[in-house]
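Below: the structure, in structure tokens.
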Amino acid sequence: MAGSSRKTYEEKIKVVREHILSFPACESHYRRSHHTSGRKYLSADLDIRNMYELYVKKSDENNTSRVKEWTYRKIFNTEFNLNFHTPRRDTCQECDSLKQKIEASSNEDEKLHFMEIHDSNLNSAEQARKSLTDDIQEAKDNPSEYYGFTFDLQKALSYPKLSVSVAYYKRNIDACSGQNRNINIALIWLKIVHLFDNNVETADHKFMVSGHSFLPNDRDFGLIETKIKQLNYLYIPEHYYNLIESCKKINSFLVVPMAQKDFISTKQLKQSTNNRKKNTNGEAVSWLKIQWIRFLKNAPYKMFYKTSLDDNSEFKVLDLSPKRGRPRISENIDLLPLYTSIRPITEEKRKDMMDLLLYIPTIFHKHFISLNINK
1 MAGSSRKTYE EKIKVVREHI LSFPACESHY RRSHHTSGRK YLSADLDIRN MYELYVKKSD
61 ENNTSRVKEW TYRKIFNTEF NLNFHTPRRD TCQECDSLKQ KIEASSNEDE KLHFMEIHDS
121 NLNSAEQARK SLTDDIQEAK DNPSEYYGFT FDLQKALSYP KLSVSVAYYK RNIDACSGQN
181 RNINIALIWL KIVHLFDNNV ETADHKFMVS GHSFLPNDRD FGLIETKIKQ LNYLYIPEHY
241 YNLIESCKKI NSFLVVPMAQ KDFISTKQLK QSTNNRKKNT NGEAVSWLKI QWIRFLKNAP
301 YKMFYKTSLD DNSEFKVLDL SPKRGRPRIS ENIDLLPLYT SIRPITEEKR KDMMDLLLYI
361 PTIFHKHFIS LNINK
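Quick note: UniProt numbering has the sequence shown finishing at residue 375, numbered continuously throughout.
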């Protein structure tokens with residue numbers, strides 16, 4: 001390459017670098033590895049193709065020659081530690097709060113304290129992601145010994161979904177989902193592990209870090225919610241079933257409608273156990289800090305738990321055996337229905353539903369008219 005040609009080429013490369021640097025980039029406050037590696041993030045609305053098209057447009061406006069897209073892409077990938085933000089609906093409240101405190105603090109000791117807490121939180125999140133990856137691989141490598149699955153609750157999907165503005169001022173039909181890090185889930189695992197008709201020797205339940213650790217379920221929820229946004233009308237629950245089943249062409253979702261009889265009460269299990277507030281070491285048990293619970297078939301009425309997902313840390317023990325009398329074998333404890341009658345809605349909510357019938361096809365009116373009222 002002649003001297004003048006080399007100089008021209010180097011000038012083009014310099015323009016490309018300047019163009020890439022012209023886009024605002026920020027550090028991630030949610031992943032420790034990216035925080036320490038210095039990686040920065042561009043807007044989620046961008047990708048390399050968009051950036052190159054903007055580069056071409058600018059070159060045409062300035063009447064300057066430009067490089068090929070593959071050259072632009074190579075420079076981006078090899079010379080810059082950049083990536084694109086994935087839009088987040090749920091961020092970590094603790095990290096958001098700490099970030100504000102770090103930026104606002106003028107005291108160096110105080111700022112260092114907040115940064116240490118932030119770093120610890122990011123470390124816990126990385127640990128959770130690694131634990132999930134390792135468990136998935138373990139189940140794939142040893143399918144006859146390990147079975148793994150992820151579980152999450154999607155946000156309540158209210159209905160009817162209408163496009164008329166009046167619908168925004170009416171109470172929809174929905175229900176709030178509860179926490180799954182409590183004594184109820186522990187008692188259900190206790191029941192499952194001690195059933196005689198299964199070969200479950202150990203059950204591990206791990207909790208991810210809110211706002212950081214995202215499960216495969218979250219991607220599924222995103223697909224469903226994107227599909228919902230594309231429709232103006234969803235009148236009754238069955239419309240949601242059909243929509244969800246149509247979200248994916250390959251490995252489509254299987255919708256299992258739940259009947260009232262499918263919801264069971266843990267009351268009988270609670271009456272046969274003792275929900276102690278301290279572990280066997282006399283330490284207070286904070287359910288919100290627990291990240292890992294374990295149940296063993298050969299350890300009745302014992303819940304082993306950790307406040308981290310560190311494989312090397314020791315489990316603490318919560319004794320759930322009853323205070324008095326001989327412990328009942330959980331196998332013999334019958335689980336009764338959670339509800340014995342149809343759950344009603346409030347009179348105000350039913351009135352709102354009746355007001356909306358004007359905008360709902362007549363064929364679906366019976367569903368709303370037959371709703372029970374809480375008098």
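Quick reminder that beta carbons are idealized off the backbone N, C-alpha and C, glycines included. None of the values given here were measured: they were computed from a predicted structure.
Query raised in the report: Can you check whether the CB of Lys227 is closer than 7 Å to the CB of Leu215?
Result: no
Requested in this report: Use the C-beta contact count for Arg294: other C-beta atoms within 10 angstroms, 16 or more gives buried, fewer gives exposed.
Outcome: buried
Query raised in the report: From Lys99, Ile236 and Leu157, pick the residue whose C-alpha is nearest to that of Ser370; which is it?
Result: Ile236
Query - Continuous alpha helix (DSSP H) stretch holding Trp189: start and end - result: Ile183 to Val193
Report task. With a threshold of 16 other CB atoms inside 10 Å of the CB of Lys261, please say whether the residue is buried or exposed. Result -> exposed
Query raised in the report: From what residue to what residue does the beta strand (DSSP E) around Thr202 run?
Result: Thr202 to Lys206
Requested in this report: Starting from the C-beta of Phe23, find all residues in its chain whose C-beta is less than 8 Å away, skip the five residues before and the five after it, and write them out in chain order.
Outcome: Here the set comprises Leu42, Ser43, Leu46 and Met51.
Query raised in the report: Are Phe76 and Ile48 touching if we call contact CB-CB under 7 Å?
Result: yes
Query raised in the report: If you draw a straight line from the C-alpha of Thr71 to the C-alpha of Tyr9, how long is it?
Result: 11 Å
Query raised in the report: Under the DSSP definition of a beta bridge, which residues are partnered with Ile20?
Result: DSSP lists no partner for Ile20.
Query raised in the report: In terms of alpha-carbon separation, which member of Glu108, Lys267, Asn312 and Val200 lies closest to Glu145?
Result: Nearest of Glu108, Lys267, Asn312 and Val200 to Glu145, Cα basis: Val200.
Query raised in the report: Which residues in the same chain as Ile290 place their Cβ atom closer than 8 Å to its Cβ, once the five residues preceding and following it in sequence are excluded?
Result: Taken in chain order, the residues that qualify are Arg181, Phe207, Tyr305, Lys306 and Thr307.
Query - Spatial distance of His34 from Asp119 (CA atoms) - result: Below a pLDDT of 50, predicted positions are generally treated as unreliable, and His34, at 47, falls in that range; the measurement from the model is reported next regardless. Rounded to whole angstroms, His34 to Asp119 spans 12 Å at the Cα level.
Query raised in the report: For Thr202 versus Leu296, is the C-beta spacing smaller than 7 Å?
Result: yes
Query raised in the report: Within 10 angstroms of its Cβ, does Met353 collect 16 or more other Cβ (buried), or is it exposed?
Result: buried
Requested in this report: Look at Ser163 and Asn121 and say whether their C-beta atoms are less than 7 Å apart.
Outcome: no
Query raised in the report: CA-CA distance, Tyr169 and Leu153?
Result: Residue placement at Tyr169 is poorly supported in this model, since its pLDDT is 44, which falls under 50; the coordinates still yield a value, given next. About 26 Å.
Query raised in the report: Leu318 and Val285: beta carbons closer than 7 Å?
Result: yes
Query raised in the report: What's the gap between the Cα of Lys366 and the Cα of Tyr240?
Result: 18 Å
Query raised in the report: When you compare each of Asn372, Arg324 and Tyr359 to Glu347 by their alpha carbons, which one comes out closest?
Result: Asn372
**Report entry** Residue span of the beta strand (DSSP E) that contains Ile136, given as start and end
**Finding:** Taken as a continuous stretch (DSSP letters only), Ile136 belongs to no beta strand (DSSP E), being part of the alpha helix (DSSP H) at Glu108 to Asp141.
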